[in-house]
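Data block below; observations after.
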Amino acid sequence: MKSYTLAVIEGDGIGPEIVRESVKVLDIVGERFGISFDYKPCLMGGCAIDATGVPLPRETIDICKASDSVLLGAVGGEKWDTLPGHLRPEAGLLGIRGALGLYANLRPARIFAPLKTASPIKESIIGDGLDIMVVRELTGGIYFGERGRKEINGAAAAYDTEMYTVPEIERICRVGFEMAQKRRKKLCSVDKANVLESSRLWRETVTRLATDYPDVTLSYMYVDNCAMQLVRNPRQFDVIVTSNIFGDILSDEASMISGSIGMLASASLGQGSFGLYEPIHGSAPDIAGQGVANPLATILSVAMLLQYSLNEQEAAAAIERAVNDVLCELRTADIFEEGYQKVGTAAMGDAVCARIKPAKSA
Ligand code: NAD
C-alpha cells in the first residue's frame, strides 16, 4: 500500500467543516485505491493567533515541509480584523506561500455539465461544459517589484515596478507547458508585449522554451484581448500561463464563468511535486458553524492534490466523477436549483464518498 503524509490546516470559519468532508473523501479514496494517508494537523490563521500569538507558527512550516503536500481550508474572520497587517490571519497565507517556495498558482475554471445553468455565460457559448486551467506566476512581478512615492514637478507620485528574470519566466512557463501536456496540449501565453518590455522578455522566453515541448501548441494573446475572449469564446482555451498581476485578474474572471465560488479548487506548486491545495473561497464567517457550506471546492482541491502532487490519477478521476454524479441529484444552498434535493455540508461529503468507485467498476 502506498502511503503519503499530508499536512492539514483547517483554519477558521467554515475551514474545519469543509476540510472534514475532504478528509472523509480521501479516506474512502484511499480504501478503494490502496493508498494510506497520515494526516498532520497544524495551525494557521486566526486559530493560530489565538493559540500561539502569530498567524503562521514555525511548527506549521516545519510540518508542511516534512509532508508530501498540504491541504488548507480557509483563514480569517472579523475577530482578528483589527490586528496589525503582519499579525492578521491573511499574513499566514502570504507567509506560507513564501516559506514553501510556491511560485505557481493553478486555478481550474471548470463547469460541471449538471451546473451549466449556474454560469453567467450563455449555454450556447459554454456548450457541453468548460475546462480551462490558469497558471499564474505567484512570487514575482509587480506585486514584489520596487515601489515607492516621490515628487515630480511638485506633484505627489507613486510607482510600482514590473520585473521578471528569465529563470522566473522559464520555471512558470515550464509549469504551463507540462500542464498542457497532461491536458489538451494547448498553451496560451498571455502578456502585453505590444507595450511592456517585461512582456517582450516573457514572450521571447516562452517561445524559446516551446522547442522543448513539440507536442504542445503555443499561442500568444494580449491580456486585454484575453479578458474579452474569456467571455466571448472561452472554449478556445486549454491552459493559460501568465504573470502575477495578469493571472490575478484573469483567474478571477475565468473562475466566475463557472458560477459558484463554492465549486472552485486551486493549487500552489513549487519545486518538485510538493503543493498546497485549497478552495479559492474564504472562511465564509456568515455561514460558519451552520453545516450549510459547500465542501465541493475543497473536495476538488483534494482531487488536484492526488493528480498533481501524488500522481494518483485514477483516484483523482474517481473523485471528479463522483462530484459530477452528485450534482445531478444534490445541491448545497449556494448552488441550489428547483428540482434538486438541498443538502448540508456533511450530507454532500457523504454523497461524494458513496459514489467513489474504483475505475474498473465505475
Ligand atoms: P468568502 O469567500 O469567505 O465569502 C464570500 C461569500 O461566499 C459569502 O457569502 C460566503 O458565505 C460565500 N461562500 C464562500 N465559500 C462558500 C462555500 N464553500 N459554500 C457556500 N458559500 C460560500 O469571502 P469574504 O467574505 O470576503 O471573506 C471572509 C474571510 O475570509 C475574510 O476574513 C477574508 O480575509 C478571508 N479570506 C480567506 C481566504 C483564504 O483563506 N484563502 C481567501 C479569501 C478570503
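Everything in the sequence shown is counted per the numbering used here, starting at 102 for the first residue and increasing by one. C-beta: ideal position from N, C-alpha, C; glycine also. Treat the numbers as computed from the prediction; the structure is a model and nothing was measured.
Along the length of the region 201-270, whole beta strand (DSSP E) runs at least 3 residues long occupy 205-212, 231-238, 248-253 and 256-261, reported in chain order. By the Cβ neighbour-count rule, Glu298 is exposed, with fewer than 16 other Cβ atoms within 10 Å of its own. Relative to the Cα of Ala366, the nearest Cα in the group Gly147, Gly174 and Glu111 belongs to Gly174.
For Leu302, the secondary structure class from DSSP, reduced to helix, strand or coil, is helix. In this structure the region 270-288 touches the region 307-327; the number of beta carbon pairs closer than 8 Å is three or more.
Each residue's CA atom was taken as its position, placing Glu247 and Lys286 some 36 Å apart.
In the three-state reduction of the DSSP assignment, Ala452 falls in the helix class, which pools H, G and I. Taking the C-beta atoms as reference points, Asn345 is found nearer than 7 Å to Gly242. When DSSP states are grouped into helix, strand and coil, Arg432 belongs to the strand group. Annotation for Val176 indicates a beta carbon within 6 Å of some heavy atom of the ligand NAD. Lys287 has Thr318 as its beta-bridge partners, per DSSP. If you look at Thr183, you'll find it isn't in any beta strand (DSSP E); DSSP assigns it neither H nor E.
Going by C-alpha positions, Val130 is about 8 Å away from Ala419. Bounds of the alpha helix (DSSP H) holding Ile400 are Leu397 to Met405.
Spatial neighbours of Arg301 in its own chain (CB-CB distance under 7 Å, excluding positions within 5 residues in sequence) are listed in chain order as Ala294. The C-alpha of Val403 is placed about 26 Å away from the C-alpha of Arg189. By the beta-carbon neighbour count (other beta carbons within 10 angstroms, threshold 16), Glu439 is exposed. The region 329-348 makes no contact with the region 370-377: fewer than 3 CB pairs, one atom from each, lie closer than 8 Å.
Out of Ile136, Asp151, Phe245 and Glu118, the CA that lies nearest to the CA of Leu411 is found in Ile136.
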